[in-house]
Amino acid sequence: MSDYLVRIISRSGSFRALACVSTELVREGCSRHETLPTASAALGRALTGGVLMGALLKTGQRVGLKFEGSGPIRKILVEAESNGSVRGCVGVPAVDLPLRNGKLDVAGALGRAGFLTVTKDLRMKEPYRGTVQLYSSEIAEDLAYYLTESEQVPSAVGLGVYLEPDGSVAAAGGFLIQTLPPQDEAAIDRLMGRIAELSTLSELLRQGETPEQLLERLFEGIPYDTLEKRAVAFTCSCSREKIERVLISLGREELASLLETQGEAEVTCEFCRERYHFGRAELERLLAELS
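Going by the numbering used here, the sequence shown opens with residue 2, and the numbers climb by one from there.
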């Protein structure tokens, strides 16, 4: 598997952690949305964060991330399944800002004022929804802040996207670490020190660092067991049947008007940019179903 995620738990039970490489799925998402470099970095981090957040869920559950900021990119939307599938989009793909301190200015693109809303479909009557203010607008720190403040689980998140000079995605990946009771303060201090000492994550990924190696680096001296290794991918849940239901939901009057004025319809999925064309005969069939 090219893109995959590894899950571990410390033998003391004080930590659980995930790490993934997401190069291909980020490349796929950026290609579909034709993002410019700064937008590519923002979308790539958010997609990778979605993979990690989705992996915290139980089978059949899903999570949605909505980053809304005051910057030119406006928003980032991500939906992730517990099985490793993720999809996402940015409000304005054609955003490329000057480098800031030698790095892609993701915070400037998203805007330093705004909100992160996390929606979880836990297969219950109503979805769970939590909102926090953007902490740094760098994506990783915002997710860690949400998990720590809203879900009361102290967390650390690292996300990296390495772009070639031509703007193409060369490497992407990340990690998520959570502390569990009873907390081991000495081990927490060691882990925080390792995270602080960690070289630029995107550079490590570009050099071929695997999820296993990244976890070994972070948890050196802290015994742990590997629980799972699974593939992850950019996968959209849209389909022609779902788009038909969207058209039907417009109602008889609006669908009849569309048929009369245009004679056809083309709907583009917001997440994957797949185009669905419906000719006159298909619209007439949908109108007949409404009748």
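Built from N, CA and C at the ideal position, the CB exists for glycine as well.
### Query
At which residues does the alpha helix (DSSP H) containing Q214 begin and terminate?
Mapped onto the sequence shown, residue 214 falls at position 213. It spans 212–219 - the alpha helix (DSSP H) in which Q214 sits, taken as one unbroken run.
### Task
Evaluate E255 with the Cβ neighbour count: other Cβ atoms within 10 Å of its Cβ, from every protein chain shown; 16 or more gives buried, anything less gives exposed.
Locating residue 255 in the sequence shown gives position 254, where the first residue counts as 1. With fewer than 16 Cβ atoms within 10 Å of its Cβ, E255 is classed as exposed.
### Task
Kindly identify the DSSP beta-bridge partner or partners of V154.
Here residue 154 refers to the residue found at position 153 when the sequence shown is read from its first residue. The partner list for V154 (beta bridge, DSSP) is empty, contrary to what the question assumes.
### Task
Give me the Cβ distance between A1 and R8, rounded to the nearest whole Å; I'm assuming they're in contact under 8 Å.
Examination of residue 1 is not possible in this model, given that the chain is present from 2 through 292 alone.
### Message
Relative to the C-alpha of G50, which candidate in V93, R130, G109, S156 has its C-alpha closest?
### Response
Residue 50 sits at position 49 when you count from the first residue of the sequence shown. Among V93, R130, G109, S156, the Cα nearest to that of G50 is on S156.
### Inter-residue spacing [alpha-carbon to alpha-carbon] between C239 and P224
Sequence index remark: in the sequence shown, residue 239 carries index 238 (1-based). Sequence index remark: in the sequence shown, residue 224 carries index 223 (1-based). Looking at the two C-alpha atoms, the distance is approximately 42 Å.
### Message
DSSP three-state label for G92, please.
### Response
Taking the sequence shown and counting its residues from 1, the one referred to as residue 92 is at position 91. Looking at G92 - three-state DSSP - the assignment turns out to be coil, as it is neither helix nor strand.
### Query
Between I249 and G30, what straight-line distance do the alpha-carbon atoms span, to the nearest angstrom?
Position 248 of the sequence shown holds residue 249. Position 29 of the sequence shown holds residue 30. Approximately 29 Å between the Cα atoms of the pair.
### Query
Taking the alpha-carbon positions, what's the T132 to E285 distance?
Locating residue 132 in the sequence shown gives position 131, counting from the first residue. Locating residue 285 in the sequence shown gives position 284, counting from the first residue. Distance between the alpha carbons of T132 and E285: 43 Å.
### Message
I need the straight-line Cα distance from L201 to S13, nearest angstrom please.
### Response
Taking the sequence shown and counting its residues from 1, the one referred to as residue 201 is at position 200. Taking the sequence shown and counting its residues from 1, the one referred to as residue 13 is at position 12. Here residue 201 turns out to be Thr, not Leu, going by the sequence shown. For T201 and S13, the distance between alpha carbons rounds to 29 Å.
#### Entry: Neighbourhood of E82 by C-beta, 7 Å cutoff - its chain only, sequence neighbours within 5 removed
Against the sequence shown, residue 82 aligns to sequence position 81. Here the set comprises G55, R63.
### Three CB pairs or more closer than 8 Å across the stretch 207–220 and the stretch 60–75
no
### Message
Any contact between the stretch 92–100 and the stretch 120–128? By contact I mean 3 or more CB pairs, one from each, below 8 Å.
### Response
no
### Same chain only: Cβ atoms within 7 Å of C273, ignoring 5 sequence neighbours per side
If you number the sequence shown from 1, residue 273 lands on position 272. Correct list, in chain order: R33, R88, C237, C239.
### Task
Could you tell me which residues DSSP pairs with E229 in its beta bridges?
For the purposes of this step, residue 229 is identified with residue 228 of the sequence shown, where counting begins at 1. Answer is R8, bridged to E229.
#### Entry: Contact between the stretch 176–193 and the stretch 228–235 (3+ Cβ pairs under 8 Å)
no
### Query
Hey, is the stretch 106–113 in contact with the stretch 147–154, meaning 3+ C-beta pairs nearer than 8 Å?
no
#### Entry: Neighbourhood of T227 by C-beta, 7 Å cutoff - its chain only, sequence neighbours within 5 removed
Mapped onto the sequence shown, residue 227 falls at position 226. Within the same chain, T227 has close Cβ partners V7, I9.
### Message
Mapping the DSSP letters down to three states, classify C31 as helix, strand or coil.
### Response
Your numbering for residue 31 matches position 30 in the sequence shown. Residue state, collapsed to three classes: helix.
#### Entry: Distance between P128 and A43 (C-alpha atoms, nearest Å)
Position 42 of the sequence shown, counted from the first residue, corresponds to residue 43. Position 127 of the sequence shown, counted from the first residue, corresponds to residue 128. A43 and P128: Cα-Cα distance of roughly 26 Å.
### Query
Rounded to a whole number of angstroms, what is the C-alpha to C-alpha distance between L206 and R17?
Taking the sequence shown and counting its residues from 1, one reaches residue 206 at position 205. Taking the sequence shown and counting its residues from 1, one reaches residue 17 at position 16. Cα to Cα, L206 sits roughly 21 Å from R17.
### Message
To the nearest angstrom, how far is the alpha carbon of R113 from that of S137?
### Response
Taking the first residue of the sequence shown as position 1, residue 113 is located at position 112. Taking the first residue of the sequence shown as position 1, residue 137 is located at position 136. Taking the straight line from one Cα to the other gives about 6 Å.
### Query
So, V247 versus S203, is the Cβ gap smaller than 7 Å?
One-based indexing of the sequence shown puts residue 247 at position 246. One-based indexing of the sequence shown puts residue 203 at position 202. No, the Cβ-Cβ distance between V247 and S203 is not below 7 Å.
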